[in-house]
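Visitor: Mind looking over this structure? Questions follow.
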Amino acid sequence: MYPQPFRYHRPNSVKDAITLLTELGEGAKPLAGGQSLIPILKMRMDEPSDLVDITRIPGLNSISTDNDLIRIGALCTHAQVAMSEAALTIPVLRDCAGGIADPQVRSLGTIGGSVSVADPSSDWPALLFVLDAKIVCQGPEGSRTVGIRDFIVDSYTTCLGDAELVTEIQIPQPPANSGGAYIGFKKAAPAYPAASVAIQLTLDDAGKCKEISLALGSAGPKPIISADAEAILKGNKLTEELLKQAAEKLVAESSPPSDARGSAEFKQEILRSLFLKTAATAINRAGGSNIDGTHDYV
Ligand SMILES: Cc1cc2nc3c(=O)[nH]c(=O)nc-3n(C[C@H](O)[C@H](O)[C@H](O)COP(=O)(O)OP(=O)(O)OC[C@H]3O[C@@H](n4cnc5c(N)ncnc54)[C@H](O)[C@@H]3O)c2cc1C
168 MYPQPFRYHR PNSVKDAITL LTELGEGAKP LAGGQSLIPI LKMRMDEPSD LVDITRIPGL
228 NSISTDNDLI RIGALCTHAQ VAMSEAALTI PVLRDCAGGI ADPQVRSLGT IGGSVSVADP
288 SSDWPALLFV LDAKIVCQGP EGSRTVGIRD FIVDSYTTCL GDAELVTEIQ IPQPPANSGG
348 AYIGFKKAAP AYPAASVAIQ LTLDDAGKCK EISLALGSAG PKPIISADAE AILKGNKLTE
408 ELLKQAAEKL VAESSPPSDA RGSAEFKQEI LRSLFLKTAA TAINRAGGSN IDGTHDYV
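Position one of the sequence shown corresponds to residue 168 (our numbering), numbered consecutively onward.
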């Protein structure tokens, strides 16, 4: 199906984009990689009067590191993040970005678009939760920085205000002896994961868990977290027994929908085993191993 007709605008700066979005009002939407928005328009699930194409705005598609902060421009594509210097130092970025869909989607879809759409099945939110990412937003009232856990409010819902744009994603550089992993369970590359697990941890000199952050993706309206599950592991040697206990706590918090990707029970079973596999990769990386992470395919 063709989308309903819309007017197309291509501003050259963030300021112009915000002015346009403000003037055009509710019917106007920003357009980034179009990998979520265009299918929605083609299915006529949304009929905006105006699209404000932000893809040519300079300065929003670079990745840099300063003061222990990795700054990823909102217009960076998944492919760009997967192949970045930052992904060499934090391989979990490559796990996530490089596993999204197929090369076509990865070369157009942007990290800013992914967090803005807040699809509960998408890959970035769970990972950004455990990396303690901050989202920089700019709107008519100026700029503000919001933690990802406050930015994603619910399924397909963020705290973005009218005419507000995501301009940057900031990720703190993990301390020494840290490692992370992100693994999705998918039917095929172009499919969204049926379930996913993100883990970021830091070990102390004795090999015990000093810090840990856990999240499940595609397991509820937004990434599932559990302070109780983290408390089981923090300060302890990460034995299989403790990891299984933490997985149980986390899975108990999840509420995956039964859908074409599997029943809720099936997804929860997958999450248990995916958790152990993801933890093993994160622990090995924290211990200095340079191992590849890869999604699990059915
Ligand atoms: C076949 C297919 C398979 C896919 N598989 C996966 C997958 O496995 N995992 C996954 O995570 N994703 C997947 N995706 C989605 C893909 O990652 C999209 O790139 C992403 O969801 C949206 O990014 P975008 O740049 O394309 O945004 P767009 O589609 O352009 O925009 C999406 C929404 O966000 C808004 N928006 C965009 N950028 C901004 C911004 N900077 N500030 C404020 N609002 C903004 C738009 O107005 C729109 O409402 C898939 C898509 C397709 C078509």
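Cβ coordinates follow ideal geometry from the N, Cα and C atoms, glycine included.
Please state whether DSSP places G280 in a helix, a strand or coil.
Guide: In the structure shown, G280 sits in a helix (DSSP, three-state: H, G or I).
Visitor: Compute the minimum distance between the beta carbon of Y359 and the heavy atoms of ligand 1, and state whether it is under 7 Å.
Guide: Yes; taking the cut-off as 7 Å, the Cβ of Y359 has a heavy atom of ligand 1 nearer than that.
Visitor: Per DSSP, what kind of secondary structure is G314 in: helix, strand or coil?
Guide: In this structure, G314 counts as strand in the three-state DSSP scheme.
Visitor: Closer than 7 Å: is that where the CB of L332 sits relative to any heavy atom of ligand 1?
Guide: Yes, Cβ of L332 sits closer than 7 Å to a heavy atom of ligand 1.
Visitor: Quick one: which unbroken beta strand (DSSP E) runs of 3-plus residues sit fully inside the region 325 to 360? Chain order, please.
Guide: Here the runs fully enclosed are 332 to 339, 345 to 353.
Visitor: Pair every Cβ in the region 307 to 316 with every Cβ in the region 200 to 209, then say whether three or more of these pairs are closer than 8 Å.
Guide: No, they do not touch.
Visitor: Compute the minimum distance between the beta carbon of L405 and the heavy atoms of ligand 1, and state whether it is under 7 Å.
Guide: Not under cutoff, so the answer is no.
Visitor: Tell me the residue span of the alpha helix (DSSP H) that contains I292.
Guide: The residue you asked about is not Ile; residue 292 is Pro in the sequence shown. That run of the alpha helix (DSSP H) goes 291 to 297.
Visitor: Would you mind reading off the limits of the alpha helix (DSSP H) that contains S440?
Guide: Its alpha helix (DSSP H) spans residues 431 to 453.
Visitor: With a CB to CB cut of under 7 Å and the five nearest residues on each side skipped, what residues in its chain are close to P339?
Guide: Excluding sequence neighbours, P339 sits near D235, L236, D299.
Visitor: When the distance is taken between beta carbons, is I257 closer than 8 Å to P341?
Guide: It is a contact, given that the beta carbons lie within the stated cut-off.
Visitor: For S422 and N179, I'd like the C-alpha separation in whole angstroms.
Guide: Their Cα atoms are separated by approximately 42 Å.
Visitor: Return the Cβ separation of T445 and I350 in integer angstroms, given the expectation that the two are a contact with Cβ distance under 8 Å.
Guide: The Cβ separation is near 5 Å, so the contact holds.
Visitor: Do D233 and H176 have their C-beta atoms closer together than 8 Å?
Guide: Contact: no.
Visitor: Between the Cα of D269 and the Cα atoms of R439, K377, A356, D426, which residue gives the shortest distance?
Guide: Checked all of R439, K377, A356, D426; the closest Cα to D269 is A356.
Visitor: Quick one: residues in its chain with C-beta nearer than 6 Å to the C-beta of A473, no 5 flanking neighbours on either side, listed in chain order?
Guide: The first residue shown for the chain is 168 and the last is 465, placing residue 473 beyond what the model contains.
Visitor: Is DSSP giving G211 helix, strand or coil here?
Guide: For clarity, residue 211 is Arg in the given sequence; the question names Gly instead. Looking at R211 - three-state DSSP - the assignment turns out to be coil, as it is neither helix nor strand.
Visitor: So what's P206 in DSSP terms, helix, strand or just coil?
Guide: It is helical.
Visitor: Using only the heavy atoms of ligand 1, determine whether one of them is closer than 7 Å to the beta carbon of T276.
Guide: This sequence places Gly at residue 276; Thr is not what is there. It does: the Cβ of G276 is within 7 Å (strictly closer) of some heavy atom of ligand 1.
Visitor: For K389, collect the residues of the same chain with a Cβ closer than 8 Å to its Cβ; drop the 5 residues on either side in sequence, then sort them by chain order.
Guide: Closer than 8 Å at the Cβ level, and outside the excluded window around K389, lie A285, P287, P292, I319, V320, D321, S322.
Visitor: State yes or no: is the C-beta of K196 nearer than 7 Å to some heavy atom of ligand 3?
Guide: Ligands in the displayed structure: ligand 1; ligand 3 is not one of them.
Visitor: Please state whether DSSP places Q367 in a helix, a strand or coil.
Guide: Residue state, collapsed to three classes: strand.
Visitor: Count the other C-beta atoms from every protein chain shown that fall within 10 angstroms of the C-beta of I458, then say buried if there are 16 or more, exposed otherwise.
Guide: By the 10 Å Cβ count, I458 comes out exposed.
Visitor: Can you name the start and end residues of the beta strand (DSSP E) that Q232 belongs to?
Guide: At residue 232 the sequence reads Thr, which differs from the Gln that was named. Where T232 is concerned, the enclosing beta strand (DSSP E) stretches over 230 to 233.
Visitor: Quick check on the burial criterion: 16 or more other C-beta atoms within 10 angstroms. Buried or exposed for K353?
Guide: Burial call: buried.
Visitor: Ligand 1 and S380: does the residue's C-beta get closer than 7 Å to at least one heavy atom of that ligand?
Guide: Because no heavy atom of ligand 1 lies under 7 Å away, the Cβ of S380 does not count as near it: no.
Visitor: Using a Cβ-Cβ cut-off of 8 Å (strictly less than) and excluding sequence neighbours within five positions of K416, which residues of its own chain qualify?
Guide: Excluding residues within five positions, the ones whose Cβ falls inside 8 Å are S393, D395, A396, I399.
Visitor: Hey, D220 and L198: beta-carbon distance below 8 Å or not?
Guide: Taking 8 Å as the Cβ cut-off, D220 and L198 qualify as a contacting pair.
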